[in-house]
Amino acid sequence: MRLLLSAGEVSGDQHGAALLAALKERVPELEAFGLGGERCRAEGMRLLAHQKDLAIIGLVEALAKIRFARRLIHVLTKAATEARVDAAVLIDSPDFHLPLARRLAKAGIPVVFYVSPQVWAWRSGRAKKLARLGRGILTLFRFEKRWYDARGLGERVTWVGHPLVDEAARELASPVPAPPEGRRRIVLMPGSRAGEIRKLLPLLRDAAAILTARRSDLDVVLVKADSVPESLLREIAGDALSRWNVVSGPHLALLAASDVLVVASGTATVEGLLAGIPMVVVYRVAALSYFLGKILIKVPNVAMANILSDPGDGSQTVPELIQKAATPERIAAEVIRFLAEPARAAEARRRLALGREDLGPPGAPGRTAEAILDLVGRGQA
Numbered sequence: 064m065r066l067l068l069s070a071g072e073v074s075g076d077q078h079g080a081a082l083l084a085a086l087k088e089r090v091p092e093l094e095a096f097g098l099g100g101e102r103c104r105a106e107g108m109r110l111l112a113h114q115k116d117l118a119i120i121g122l123v124e125a126l127a128k129i130r131f132a133r134r135l136i137h138v139l140t141k142a143a144t145e146a147r148v149d150a151a152v153l154i155d156s157p158d159f160h161l162p163l164a165r166r167l168a169k170a171g172i173p174v175v176f177y178v179s180p181q182v183w184a185w186r187s188g189r190a191k192k193l194a195r196l197g198r199g200i201l202t203l204f205r206f207e208k209r210w211y212d213a214r215g216l217g218e219r220v221t222w223v224g225h226p227l228v229d230e231a232a233r234e235l236a237s238p239v240p241a242p243p244e245g246r247r248r249i250v251l252m253p254g255s256r257a258g259e260i261r262k263l264l265p266l267l268r269d270a271a272a273i274l275t276a277r278r279s280d281l282d283v284v285l286v287k288a289d290s291v292p293e294s295l296l297r298e299i300a301g302d303a304l305s306r307w308n309v310v311s312g313p314h315l316a317l318l319a320a321s322d323v324l325v326v327a328s329g330t331a332t333v334e335g336l337l338a339g340i341p342m343v344v345v346y347r348v349a350a351l352s353y354f355l356g357k358i359l360i361k362v363p364n365v366a367m368a369n370i371l372s373d374p375g376d377g378s379q380t381v382p383e384l385i386q387k388a389a390t391p392e393r394i395a396a397e398v399i400r401f402l403a404e405p406a407r408a409a410e411a412r413r414r415l416a417l418g419r420e421d422l423g424p425p426g427a428p429g430r431t432a433e434a435i436l437d438l439v440g441r442g443q444a
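Each residue of the sequence shown is one higher than the last, beginning at 64 in this note's numbering.
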């Protein structure tokens with residue numbers, strides 16, 4: 064079986080690698096190539112381009128990548144056509160993958176969208192395009208399947224669940240020790256893309272300085288994404304980096320044994336939800352991107368942890384500090400509230416636990432592999 068796989072984000076690389084591992088169990092002679100990162104490479108995928116070259120944040124920031132994206136679409140389509148692939152699996156990144164899907168579909172290559180774009184939040188008109196171009200749409204969250212069903216598009220949509228559930232089960236089976244008695248642990252996760260790091264790490268650095276000046280019982284841990292060079296962290300965090308414990312690799316058990324997470328909005332908030340840790344969600348983009356987003360986005364919350372744990376009363380499970388609201392002082396104040404108000408922290412943990420139901424049971428990579436094999440008509444090897 065030959066497969067084109069395209070994952071333009073770090074989270075997509077993570078999901079793609081888990082999928083490739085599950086597919087290889089069913090199709091040992093699998094040959095995969097395309098756009099991905101180090102995790103997909105480790106599963107034997109041949110990279111035609113690295114996802115770090117495409118990763119972007121914000122609508123306006125995407126304009127700088129248009130020429131590169133067009134060239135890459137041509138490269139991927141040509142490679143898929145020449146190799147006569149059995150299917151193309153396109154993971155998230157809709158602004159890149161919808162144009163790619165049009166080219167692939169025109170070439171007669173079956174397309175499967177894995178990780179539905181957030182059509183329920185903004186630009187809902189894309190849903191019909193996905194249903195028209197894709198042989199199937201595989202969603203991570205149960206509510207997404209219900210959203211498509213309500214609009215008569217559910218026939219092509221399958222809820223497979225979230226692969227992070229499997230990672231959480233593995234990682235949380237080996238718990239990390241809690242901080243020493245009398246100490247509190249704060250975890251910083253500023254993102255996985257250079258643009259995010261440059262915008263958010265200065266805020267987190269200064270917030271951590273405020274926190275440690277006010278409280279002498281805090282230990283600060285920074286989780287470094289594999290895609291982020293340590294030199295970039297040193298450039299931005301400066302001397303503060305030497306006062307923090309910097310970790311990389313699996314970190315869900317660390318989150319579960321910590322007190323508060325300060326995190327960039329994105330997939331990392333789902334990790335926080337699975338670990339059940341109270342969070343302060345922060346994000347900043349270019350001013351024009353934020354303005355356009357305010358017009359287009361139709362949901363009250365941006366953090367997936369809040370969307371999944373929404374009780375329906377308009378309240379937030381965890382605070383979101385977006386754009387001008389994301390200041391070191393506000394971040395520090397929200398962290399201190401969680402530390403000083405145990406009942407508030409406990410309520411956040413309770414509501415996050417309810418949100419896990421929309422992620423599905425363990426086994427998502429296997430269910431995704433089976434769905435893809437069924438869609439392309441190959442069955443189990």
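Glycine included, C-beta positions come from ideal geometry on N, C-alpha and C.
- Annotated three-state conformation of Glu145 is helix, per DSSP.
- Runs of the beta strand (DSSP E) spanning 3 or more residues and lying entirely within the stretch 181-260 occur at 199-202, 220-222 and 247-252, in chain order.
- Between the alpha carbons of Ser321 and Pro313 lies a gap of roughly 14 Å.
- Excluding sequence positions up to five before and after Val283, its CB lies within less than 6 Å of the CB of Ile249, Ala271 and Trp307, all in the same chain and listed in chain order.
- When the alpha-carbon of Val220 is set against those of Pro265, Leu66 and Phe206, the nearest one is in Phe206.
- Short of 8 Å from the beta carbon of Val138, and not among the five residues preceding or following it, lie these beta carbons of its own chain, in chain order: Leu111 and Ala112.
- Taking a 10 Å sphere around the C-beta of Lys169, we find fewer than 16 other C-beta atoms and assign the residue as exposed.
- Asp421 places its beta carbon less than 8 Å from that of Phe204.
- Between Leu337 and Arg256, the gap from beta carbon to beta carbon reaches 8 Å or more.
- If you draw a straight line from the Cα of Leu135 to the Cα of Arg247, it is about 46 Å long.
- Within a 10 Å sphere around the beta-carbon of Asp302 sit fewer than 16 other beta-carbons, which makes this residue exposed.
- Between Pro341 and Ala432, the C-beta gap is not smaller than 8 Å, which leaves the two residues out of contact.
- Our two residues, Ser328 and Asp149, have alpha carbons roughly 35 Å apart in a direct line.
- Taking all protein chains shown into account, Phe96 has 16 or more neighbouring C-beta atoms within 10 Å of its C-beta and is therefore buried.
- Within 10 angstroms of the beta-carbon of Phe159 lie 16 or more other beta-carbons, which makes it buried.
- In this structure Pro91 does not touch Val439 by the C-beta definition: roughly 17 Å separates them, more than the 8 Å allowed.
- Inter-residue distance for Pro425 and Ala389 is about 35 Å (C-alpha atoms, whole angstroms).
- Counting other Cβ atoms within 10 Å of its Cβ, Gly99 reaches 16 or more and is therefore classed as buried.
- Nearest in C-alpha terms to Leu263, of all of Ala70, Arg166, Gln386 and Gln77, is Gln386.
- The C-beta distance from Gly75 to Ser156 rounds to 7 Å, short enough to fall under 8 Å.
- Between Ala70 and Ile154, the CB-CB gap stays under 8 Å.
- Look at His137 here: in three-state DSSP terms it is helix.
- Per DSSP, the continuous alpha helix (DSSP H) segment holding Leu304 begins and ends at Ala303 to Arg306.
- Taking 8 Å as the cut-off, the beta carbon of Val343 is found no closer than this to the beta carbon of Pro405.
- Per DSSP, the continuous alpha helix (DSSP H) segment holding Arg393 begins and ends at Pro391 to Ala403.
- Cβ-Cβ separation between Phe401 and Arg407: approximately 6 Å, consistent with a contact (criterion under 8 Å).
- Cα atoms of Ile435 and Ser311: separation of roughly 32 Å, rounded to the nearest angstrom.
- Boundaries of the alpha helix (DSSP H) harbouring Ala84: Val73 to Arg89, taken from the DSSP string.
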